[in-house]
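Below is one structure, written out as structure tokens; the observations come after it.
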Amino acid sequence: MNVACTFTVNAAEVTVEVAPHQRLIDVLRGPLGLLGTKEGCGNGECGACTVIVDGRAVNACLFPALEAEGREITTIEGLLGPGGALSPLQQ
Ligand code: FES
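Be aware that the sequence shown starts at 7, since it is given in my numbering, and climbs by one per residue.
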């Protein structure tokens, strides 16, 4: 059974239906279409899926999507530099 989960992604509040087993990376890349978060190893070793959750870097491949409830998440798409230019990390 899916559960509605509301959180902030790149300064926009979103609500998505989340299955209990879903990982944050699945929700970011699936219903939210944020394809900048990549899946490499899928088990917490490579860091390709890193996002910022409440100011801390986490591996989205290990983070349960339901734990995103009420949190602020920043993905690579949310790291724009001054004037909307690409940040050094995006470049
Ligand atoms: Fe490698 Fe998440 S995909 S740490």
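Heads up, the beta-carbon is just placed ideally off N, CA and C, and yes, glycines get one too. These numbers come from a predicted model, not from an experiment.
For R77, the three-state DSSP class (helix, strand or coil): Stepping through the sequence shown from its first residue, residue 77 is reached at position 71. Reduced to three states, the DSSP call for R77 is coil.
Using only alpha-carbon positions, find the residue among P88, A66 and M7 that is nearest to L40. Here residue 40 is taken as the residue at index 34 of the sequence shown, counted from 1. Closest option to L40, Cα to Cα, is A66.
Going by the C-beta, is N8 closer than 7 Å to any heavy atom of the ligand FES? Here residue 8 refers to the residue found at position 2 of the sequence shown. False, no ligand heavy atom lies under 7 Å from that Cβ.
Going along the chain, which residues of its own chain have a beta-carbon closer than 6 Å to the beta-carbon of E19, five neighbours each way excluded? As a first step, residue 19 must be located in the sequence shown, where it is residue number 13. Excluding residues within five positions, none has a Cβ falling inside 6 Å.
Which of the three DSSP states, helix, strand or coil, is assigned to A71? Here the question's residue 71 lines up with position 65 in the sequence shown. DSSP places A71 in helix when its eight states are reduced to three.
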